[in-house]
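Throughout, the working numbering is defined as the position within the sequence shown, counted from one, plus 1319. Backbone N, C-alpha and C fix where the C-beta goes; we use that ideal spot for every residue, glycine too. Keep in mind the model is a prediction, meaning the values are calculated, not measured.
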Amino acid sequence: MDRHGARARTHGKQRPHRQDRARRELMPSQASKDPTAMTTSELETAWACSRVVHDFFHHYDHWRYARMLDLYTPEGVWHRAGAALRGHARILEELERRPRNQRVAHVVTNLRVEPATAATAGATYYLTVYRHAGEIADDAAAPMAGPAMLLAGTAELVRTEQGWKFDSQTLTRRFETGPAR
């Protein structure tokens, strides 16, 4: 019935209620799926891969090289500072060259993981690096003027029997401490 008490003419078809029409307009069909929506499996992959990235830099900052290597496939490649470090032995060789009389913190931000298949995923992220050169007590705050650099990271991760691991990782300097221009 309309507002005057008369029956609406539907010619044998039932007209959708006004609220139903409004609801359909607000809730798009499955064909226009939310581009940020993920399946449960994709969310599990994204979470596991984000743990790999965060754990890697946590171990790096705490000099736990064996744990870092556990997060790479045996022939994985780490592209850093213009060099391609392939395999655990080469990565470890480079890590052992790091001066031990410094404090470093890598802060991972803007991490995005994109599952590609059930066993592969890509990741992008930024690393803000804080560095203090010289000896300092573990419980002392290191003086600093600001971040040492900002790196852009990309990674390809693969699922192995031992869990998700880096197959490759590339770090590219985007900003570094120096005179502003």
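| request: Rounded to whole angstroms, what's the CA-CA distance from residue 1414 to residue 1460? Just pull it up for me. | output: 24 Å
| request: Within 10 angstroms of the Cβ of residue 1366, are there 16 or more other Cβ atoms? Answer buried if so, exposed if not. | output: exposed
| query | Just how far apart, CA to CA, sit residue 1479 and residue 1362? | reply | 18 Å
| field | Nearest-angstrom beta carbon gap, residue 1392 and residue 1486 [assumed within contact, 8 Å] | value | 5 Å
| Closest Cα partner of residue 1463 within the set 1385, 1471, 1469, 1452 | 1452
| request: Please go through the same chain and pick out, in chain order, the residues whose beta-carbon is closer than 6 Å to the beta-carbon of residue 1483, but skip the five residues on each side of it. | output: 1367, 1368, 1371, 1476
| query | For residue 1390, which residues of its own chain have a beta-carbon under 7 Å away from its beta-carbon, when the five flanking residues on both sides are left out? | reply | 1371, 1374, 1375, 1484, 1485
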